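Residue 136 in UniProt numbering is what sits at position 136 of the sequence shown, and the numbering runs on without skipping anything.
Every residue gets a Cβ at the ideal spot worked out from N, C-alpha and C, and that includes glycine.
Computed from a predicted model, the values in this text were never measured in an experiment.
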Amino acid sequence: MKKMVKIGNIELPDFPLLLAPMEDVSDPPFRRLCKQHGADLMYSEFISSEGLIRDAMKSRMKLDIFDYERPVGIQIFGGDEEAMELSAKIVDTVQPDLVDINFGCPVKKVVCKGAGAGVLKDVDLMVRLTKAVIKGTSLPVTVKTRLGWDENSINIDEVAERLQDIGVQALTIHARTRAQMYKGHSDWSHIQRVKENPRITMPIFGNGDIDSPQKALEYKNKYGLDGMMIGRAAIGYPWIFDEIKHYFKTGELLPPPDMEARIQAAQNHLTWSMEWKGERVGIVEMRRHYTNYFKGIHNFKEYRQKLVTNDSAEELMKIFDEIRDAYSDYQIV
Ligand SMILES: Cc1cc2nc3c(=O)[nH]c(=O)nc-3n(C[C@H](O)[C@H](O)[C@H](O)COP(=O)(O)O)c2cc1C
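Right, here's the structure in full:
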């Protein structure tokens, strides 16, 4: 029988690769690229429960999901039970495949409101907030969190049991504490311990610092988890999902995407951003992505400069053609 991972009724392939929720990154245009390149489950960037309730335009836009990207989860955060329940109800109306709760964001403005990683200091509150979300939605509820507040208070073992007991259907663990922010070593041995707890039956996904097929395979074999989530390595490099899957299957590395693939990806990302955000905002917000698509390309500075200063969709498409001509013989090694 074919092995698979289940979250509620959602069936994922054996050892799924998840695209991480990332603020200002994991929007529909970017998710579309990651889907094309093999992401098995994707999440929206986090959405403030209070923003959703206030009907903040920006928060509502983040609820946009499209059938071709399923299965897709909407991630919410907040520190108030009522607001979390109500926002789960709002999320329910757009029918993503699941609702994910962020209990991992280390940023001060989130933590101060008792949300994100702030609740790692108060597991009772975390449980109440989660119950409120489960009450507000008929969809499967999953959680993404960190190991604990700091190295002296790693409580992920208790957190996992208590969340599973109230009905959480999968847990993604970023193998850092809140105090580490994004620095230092991510220690996946803590995630392994959670997975090996005989009481834990929900899928456990690992997250933190996966940036190559080799590392992905090493961690898959070493920690025995149900799947892994990838964030930063996918920014400007959606090919990471295909590359990892190919390596798992064959033990061989795919050649890196050539110049035409990179141009096409950046161009699609721009086009879809303009379609979704409107032309002006789409052009401006795409500017921070070009460096990532063309990382390591020789003498690219001049073209990057043109891409990040031009305001016209038509001109930008001409610049992409110029890049195509200039790099038609370019070999990426
Ligand atoms: C730009 C950026 C935005 C992020 N926004 C979110 C978010 O909205 N929700 C969330 O749960 N985590 C967020 N994260 C954390 C990532 O989901 C992930 O846990 C972290 O980057 C570690 O994984 P990685 O090493 O594969 O990047 C963000 C990370 C980055 C770099």
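Contact check for serine 87 against leucine 52 passes: the beta carbons are separated by less than 8 Å. Remark: the shortest separation between the CB of lysine 144 and any heavy atom of ligand 1 falls under 7 Å. Taking C-beta separations shorter than 7 Å and ignoring five residues to either side along the sequence, the partners of asparagine 268 in its chain run Leu33, following chain order. The Cβ neighbour count for leucine 129, taken over all protein chains shown within 10 Å, is at least 16; the residue is labelled buried.
Beta-bridge analysis with DSSP links asparagine 207 to His174 and Met229. Taking a C-beta distance under 8 Å as the contact criterion, aspartate 27 and glutamate 45 qualify as a contact pair. Here tyrosine 43 carries a strand assignment [DSSP, helix/strand/coil].
The beta carbon of proline 16 lies closer than 7 Å to those of Val5, Asp40, Leu41 and Gly227 in the same chain, with the five residues before and after it left out. Around the beta carbon of methionine 317, a 10 Å sphere encloses fewer than 16 other beta carbons of the protein chains shown; the residue is thus reported as exposed. Counting other Cβ atoms within 10 Å of its Cβ, glutamate 314 stays below 16 and is therefore classed as exposed. The alpha-carbon separation between leucine 254 and histidine 246 amounts to approximately 7 Å. For leucine 98, the enclosing beta strand (DSSP E) covers residues 98 to 103. Going by beta carbons, leucine 217 and phenylalanine 241 fall outside the 8 Å limit. Per the DSSP secondary-structure output, valine 5 pairs in a beta bridge with Leu12.
In the structure shown, leucine 147 falls within a coil segment according to DSSP collapsed to helix, strand and coil. Annotation for valine 72 indicates a beta carbon at 7 Å or more from all heavy atoms of ligand 1. Judged by their CB atoms, proline 140 and glycine 8 are nearer to each other than the 8 Å cut-off. Ranked by Cα distance from glutamine 331, the first of Glu302, Met259, Gly278 and Lys301 is Met259. Straight-line spacing of the CA atoms in glutamine 75 and phenylalanine 103 works out to 10 Å.
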